[in-house]
Amino acid sequence: RVPSLLNGGLGKISPLYWVGCIGLAAIVEISGTLRMKGDKENYLPGDFGLRLGYPTDDVGQKRMQLAEIKNGRLAMIAVFG
Numbered sequence: 741r742v743p744s745l746l747n748g749g750l751g752k753i754s755p756l757y758w759v760g761c762i763g764l765a766a767i768v769e770i771s772g773t774l775r776m777k778g779d780k781e782n783y784l785p786g787d788f789g790l791r792l793g794y795p796t797d798d799v800g801q802k803r804m805q806l807a808e809i810k811n812g813r814l815a816m817i818a819v820f821g
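Residues in the sequence shown are numbered consecutively from 741, following our numbering.
Given below as structure tokens:
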């Protein structure tokens, strides 16, 4: 069976896994903070430098930002609606 909160299965997952998850999250946060402090002009929150498949022109970026906002709103409606 798959570990679940409902059946008490989280205790079956290795603590080493949780240490790895927290360590990876810490590395991402620290690298973002260092990048923010080093480049205050061009830094955008949540920008991890992944450019694969993203538009490079301003019109395409605005379209992607609008799509992200709409998807977030739809997710909020789905959760609470």
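Beta carbons are placed, not taken as given, at the ideal position from N, Cα and C, and that holds for glycine.
In the three-state scheme derived from DSSP, where H, G and I count as helix and E and B as strand, F788 is classed as coil.
Distance from the CA atom of L750 to the CA atom of G800, rounded to whole angstroms, is 42 Å. P795 sits in coil when the DSSP states are folded into three classes, being neither helix nor strand.
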